[in-house]
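In what follows, a structure is listed as structure tokens, so that the remarks can point back to it.
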Amino acid sequence: MTAPGRWVAEHWIAVGSPLVSLIAWEWASASGVLREAFFPRPSTMFVHLVQLSADGTLWAHTARSLVRIGWAFALAAVFGVGIGLAMGLWRRLRDGLDPVFAVIYPIPSVLFLPLVSFLVPPGEIALIVTTAVTSFFLVAFTTTHGVRQIDRLVVEAAVHYGARGPRLFASVLLPGALPFIFTGLRLGLGFALIVVVAVEIVSASTGLGALLWLSWQILKVEDMYATFFVIALLGAVLSYGLSALRAWLLPWVQDVAEP
Amino acid sequence: MPGRSPKVVVHEVSVTFESHGRSATALDRISLQAGVGEFLCIVGPSGSGKSTLLRVLAGLVEPSGGQVRIEAEQPGTPLTAMVFQEHALLPWRTVRDNVTFGLENRGVARAEREARAREMLAMVGLTRCAQHYPHQLSGGMKQRVGIARALATDPEVLLMDEPLAALDAQTRTIMQEELLRIWAALGKTVIYVTHSLEEALLLGDRIVLLTARPGRVSQVYPVDLGRPRALEIRGSPAYGALLEKIWSQLREEVVRAMAEDRGGDA
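Going line by line, the protein sequences match chains A and B. Counting from 0, one number per residue, gives the positions in the first sequence under numbering that gives the first Met the number 0. Counting from 0, one number per residue, gives the positions in the second sequence under numbering that gives the first Met the number 0.
See below:
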């Protein structure tokens, strides 16, 4: 089989299922099974998507959201990996922080916004910090677990061959935890997107969440769906991007052992 | 150990583990010696502390009593290097970087490390796999890397903890012959733990039989089967007689250990 032929054979379901859904939706809206006022045809949405991006509105809002996600993700990654590694290495720290994290983690992220606004300047910074909270917990949890699951025999062998202290950390504990850290980063990035949209709906006039909410309030349903589409696309691109980055940076991870 | 000066002296070594407020004696006043260049095999029922003894020699377990002395002939190389049962390679390092790991930690220069790795990989027949990661190798190849990693540090004594136990029968047979070849070429002192008497008879100069719970030295058997040895030795009458003799003793130990397990003190 030729290379493109093989690609089609392996991926036809992944490509086909959204296509079939779109065609079914198009037909349902056109034939009146769905009310077109609330469920416009995908083809109409596409036209609005092109218009929104042509006048720059969509790009401006997307850029605002991306900057917020970027800062929030960076905060979550730096503190999550740092504290997660420390918790993985030191049992007393883990024993102390685990119950605290267990209580805070399940609180819906948006609820942190007022609390965060008391602690840091309200506005942009509060928005970013709030977005970072849930991602931080996810990254910290997976990093801690990543350190803890390293094969004890591998650590013993490394110690036997002379790796101690910082060398042991750099050559065994950190690389051993990296596959899990990447999983945590991927989850954290996904949650940063979810939370930033929620926070923008509640308290911002810019960003994809704000655009979505505004379109809904003035019943520009097509624009609302167009924004939906951009958010979904962004989520997929970020997630696949981190996956690809992981495969490139960690070639030693067996593809079957995806944590 | 006739005619050899002692390389490893284990004197009255005891190891006691504490867990959940109870203490268990893994090794009870074990004494044994291995001569320079000797291939010493240690067999015994499970629970006889064979692996614990190796870990004491490797410096990974601190004995509760007694001493271990290893005669160092060359300065600047480690006393021991261990080949682990489950290979214990670092999955994130290539084959070559696994082999150079010990040298890297000792501060050996890169050029020298890599030359050494090439030499060792050639010896175990893995030259073409230098840039592979462990997960791309078969079980037998991983264990070859484990052996190359140990030999690369040029240790005074090579410790091997059931290195072939996880391999299939054919691979194990090939690896046993490889081990004999490498040992003959390097003349290293080897202390080799195995649960297979047949393997011990094929490889060893002497066989130390341990008892179970606690581990004590039961008997030491010289293996007077000549060298070089190959698989054909299994057909000789002397081999059969020695196997029979050691097995009858080992069998007693195994039965006793099983009876104790059923006795319910565990």
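The C-beta atom is built at its ideal place from N, Cα and C for all residues, glycine as well.
Would you kindly check if the distance between the Cβ of residue j and the Cβ of residue i is under 8 angstroms?
i	j	result
Ala184 of chain B	Ser47 of chain B	no
Ser64 of chain A	Gly187 of chain A	no
Asp160 of chain B	Met81 of chain B	yes
Pro5 of chain B	Gly34 of chain B	yes
Thr61 of chain A	Val229 of chain A	yes
Leu112 of chain A	Val46 of chain A	no
Thr99 of chain B	Arg117 of chain B	no
Ala147 of chain B	Met122 of chain B	yes
Ser28 of chain A	Phe38 of chain A	yes
Glu252 of chain B	Pro44 of chain B	yes
Leu21 of chain A	Pro41 of chain A	yes
Leu242 of chain B	Leu178 of chain B	no
Leu166 of chain B	Gln135 of chain B	no
Arg3 of chain B	Glu37 of chain B	yes
Thr79 of chain B	Glu155 of chain B	yes
Arg95 of chain B	Gln130 of chain B	yes
Ile29 of chain B	Gly203 of chain B	no
Ser170 of chain A	Ala162 of chain A	yes
Based on Cα-Cα distance, which residue from the options lies nearest to residue i?
i	options	result
Leu192 of chain A	A:Gly208, A:Leu173, A:Gly183, A:Ala246	A:Gly208
Pro90 of chain B	A:Pro3, A:Val236, A:Gly95, A:Leu172	A:Leu172
Phe72 of chain A	A:Ser238, A:Ser202, A:Val220	A:Ser238
Leu56 of chain B	B:Ile232, B:Arg115, B:Asp167, B:Leu157	B:Leu157
Val222 of chain B	B:Leu39, B:Ala80, B:Glu177	B:Leu39
Glu270 of chain B	B:Arg228, B:Gly106, B:Arg115, B:Thr76	Within the shown structure, residues of chain B are numbered from 0 to 265, placing residue 270 of chain B beyond reach of any answer.
Val42 of chain B	B:Tyr220, B:Thr15, B:Leu166	B:Tyr220
Cys8 of chain B	B:Thr170, B:Ala71, B:Ala199, B:Ile181	Reading off the sequence shown, one finds Val at residue 8 of chain B, where the question assumed Cys. Per the Cα distances, B:Ala71.
Thr51 of chain B	B:Gln73, B:Gln84, B:Arg21, B:His19	B:Gln84
Phe181 of chain A	A:Asp54, A:Gly79, A:Ala23, A:Gly55	A:Gly79
His159 of chain A	B:Pro74, B:Thr172, B:Arg105, B:Ile190	B:Arg105
Ala250 of chain B	B:Pro236, B:Leu209, B:Arg226	Looking at the sequence provided, one finds Arg at residue 250 of chain B rather than Ala. When each option's Cα is compared against that of Arg250 of chain B, the closest is B:Leu209.
Arg233 of chain B	B:Ala199, B:Gly214, B:Ser247, B:Arg261	B:Ala199
Leu232 of chain A	A:Leu33, A:Ser108, A:Gly189, A:Leu248	A:Gly189
Ile217 of chain A	A:Arg5, A:Ala36, A:Trp26, A:Trp11	A:Ala36
Ala59 of chain A	A:Ser242, A:Leu210, A:Gly240	A:Leu210
Trp251 of chain A	A:Leu114, A:Ile103, A:Pro174	A:Pro174
Arg226 of chain B	B:Ala240, B:Trp246, B:Arg205, B:Gln218	B:Arg205
To which residues of the same chain is residue i closer than 7 angstroms at the C-beta, ignoring the five residues directly before and after it?
i	result
Asp264 of chain B	Model confidence at Asp264 of chain B stands at a pLDDT of 49, short of 50, so the residue's coordinates are unreliable; what they give is reported in the following sentence. The answer is none, since no qualifying residue turns up.
Glu61 of chain B	none
Arg67 of chain A	Leu126, Ile127, Thr130, Val195, Gly206
Gly20 of chain B	none
Cβ of residue i versus every heavy atom of the ligand NAD: is any distance shorter than 7 angstroms?
i	result
Leu177 of chain A	With respect to small molecules bound, the structure shown includes none, and the ligand NAD cannot be examined in it.
Could you tell me the distance, in whole angstroms, from the CA atom of residue i to the CA atom of residue j?
i	j	result
Leu110 of chain A	Val132 of chain A	11 angstroms
Gly234 of chain A	Val146 of chain A	28 angstroms
Arg185 of chain A	Ser134 of chain A	9 angstroms
Pro258 of chain A	Gly101 of chain B	Low confidence applies here, because Pro258 of chain A scores a pLDDT of 43, under 50, leaving its location unreliable; read the following figure in that light. Their backbone Cα atoms lie some 29 angstroms apart in a straight line.
Ala13 of chain A	Phe179 of chain A	26 angstroms
Arg68 of chain B	Leu201 of chain B	27 angstroms
Gly139 of chain B	Val138 of chain A	37 angstroms
Thr142 of chain A	Glu231 of chain B	53 angstroms
Val49 of chain A	Trp215 of chain A	18 angstroms
Gly65 of chain B	Ala87 of chain B	29 angstroms
Met86 of chain A	Ala76 of chain A	15 angstroms
Ile181 of chain B	His10 of chain B	29 angstroms
Ala151 of chain B	Arg115 of chain B	6 angstroms
Val154 of chain A	Arg166 of chain A	12 angstroms
Gly75 of chain B	Gly95 of chain A	44 angstroms
Thr193 of chain B	His144 of chain A	34 angstroms
Gln253 of chain A	Thr130 of chain A	32 angstroms
Thr226 of chain A	Ala53 of chain A	14 angstroms
Pro133 of chain B	Lys187 of chain B	26 angstroms
Lys219 of chain A	Ile200 of chain A	16 angstroms
Beta-carbon within less than 6 angstroms of residue i's beta-carbon, same chain only, minus the 5 sequence neighbours each way: which residues are those?
i	result
Ala256 of chain A	Model confidence at Ala256 of chain A stands at a pLDDT of 45, short of 50, so the residue's coordinates are unreliable and nothing is read from them.
Gly145 of chain B	Val82, His86
Ile82 of chain A	Ala139
Pro162 of chain B	Val82, Gln142
Name the one or two DSSP bridge partners that residue i has.
i	result
Ser13 of chain B	B:Gly64
Ile29 of chain B	B:Val12
Val146 of chain A	Bridge partners of Val146 of chain A: none, in fact.
Cys128 of chain B	The partner list for Cys128 of chain B (beta bridge, DSSP) is empty, contrary to what the question assumes.
Ser18 of chain B	B:Arg21
Met159 of chain B	B:Val82, B:Tyr191
Pro74 of chain B	Looking at the DSSP assignment, Pro74 of chain B forms no beta bridge with any residue, so it has no partner.
Arg205 of chain B	B:Leu39, B:Pro221
Pro5 of chain B	B:Gly34
Mind checking if residue i is an interface residue toward chain D, Cβ cutoff 8 angstroms exclusive?
i	result
Pro165 of chain A	Chain labels in this structure do not include chain D; the protein chains are A and B.
By Cβ distance below 8 angstroms, which residues in the same chain neighbour residue i in space, the five residues on each side in sequence not counted?
i	result
Leu92 of chain A	Ala85, Met86
Ala157 of chain A	Leu167, Ser170, Val171
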